[in-house]
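Chemist:
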């Protein structure tokens, strides 16, 4: 896989339901506690609204809803991961932000074909780390349609 050349990929690991997902650390601007979200009319259901984060209006996306998982109540461990893509900031609501991990390039495999086809589009690969399986997300594909229109 050309995207993972080199020896290691440094990622932020977060949780949705019972799965662990990862995004490259260089695409993450910050990890925040959930704050007041202002609803925006006529947006897809996974776009929860916007927040004012240090003077920047930032769209907030619920990744559970985006992936077709049932919604969960906001808890003490719920976090918003602020990512930057093409100079646009977007926040992802996740169940928990777990840790930062260095994934050896040889631990990364392409996405299994048995996965839900809706999710496969957003997946760069799967990393096996001991007993853990980390699903590596592709932010470009995850954010390539409606979200960017809301963010601009």
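In this note's numbering, the protein residues as written are 1 to 152. Just so you know, even glycine gets a beta-carbon here, dropped at the ideal spot from N, CA and C.
Tell me the DSSP secondary structure of residue 7 in three-state form.
Modeler: Indexing the chain shown from 1 puts residue 7 at position 7. Note: residue 7 maps to coil in three-state DSSP.
Chemist: Using a threshold of 8 Å, state whether the C-beta atoms of residue 31 and residue 47 are closer than that.
Modeler: Numbered from its first residue, the chain shown carries residue 31 at position 31. Numbered from its first residue, the chain shown carries residue 47 at position 47. Not a contact, by the Cβ cut-off of 8 Å.
Chemist: Below 8 Å between beta carbons: does that hold for residue 37 and residue 83?
Modeler: Stepping through the chain shown from its first residue, residue 37 is reached at position 37. Stepping through the chain shown from its first residue, residue 83 is reached at position 83. Result no, Cβ atoms of residue 37 and residue 83 do not sit closer than 8 Å.
Chemist: Could you have a look at residue 85 and say whether DSSP puts it in helix, strand or coil?
Modeler: Here residue 85 refers to the residue found at position 85 when the chain shown is read from its first residue. Three-state DSSP puts residue 85 in a strand.
Chemist: DSSP beta-bridge partners for residue 134?
Modeler: What you label residue 134 is simply residue 134 of the chain shown in a count that begins at 1. Answer is 20, 127.
Chemist: Compute the distance between the beta-carbons of residue 9 and residue 64, then report whether it is under 8 Å.
Modeler: By one-based count along the chain shown, residue 9 stands at place 9. By one-based count along the chain shown, residue 64 stands at place 64. In this structure, residue 64 does not lie closer than 8 Å to residue 9 by Cβ.
Chemist: Entirely within the segment 48-92 and at least 3 residues each: give me those beta strand (DSSP E) ranges in chain order.
Modeler: Counting only runs of 3 or more, we get 56-62, 79-85.
Chemist: Helix, strand or coil: which one does DSSP assign to residue 45?
Modeler: Residue numbering aside, residue 45 sits at position 45 when the chain shown is read from its first letter. In the structure shown, residue 45 sits in coil (DSSP, three-state: anything other than H, G, I, E or B).
Chemist: To the nearest angstrom, report how far apart residue 153 and residue 102 are at their CA atoms.
Modeler: Past the boundaries of the shown model lies residue 153; the chain is included only from 1 to 152, so the question cannot be answered.
Chemist: Would DSSP call residue 35 helix, strand or coil?
Modeler: The residue given as residue 35 occupies position 35 in the chain shown. If DSSP states are grouped into helix, strand and coil, residue 35 belongs with coil.
Chemist: Kindly indicate which three-state DSSP category residue 96 falls into: helix, strand or coil?
Modeler: Residue numbering aside, residue 96 sits at position 96 when the chain shown is read from its first letter. Correct three-state label for residue 96: strand.
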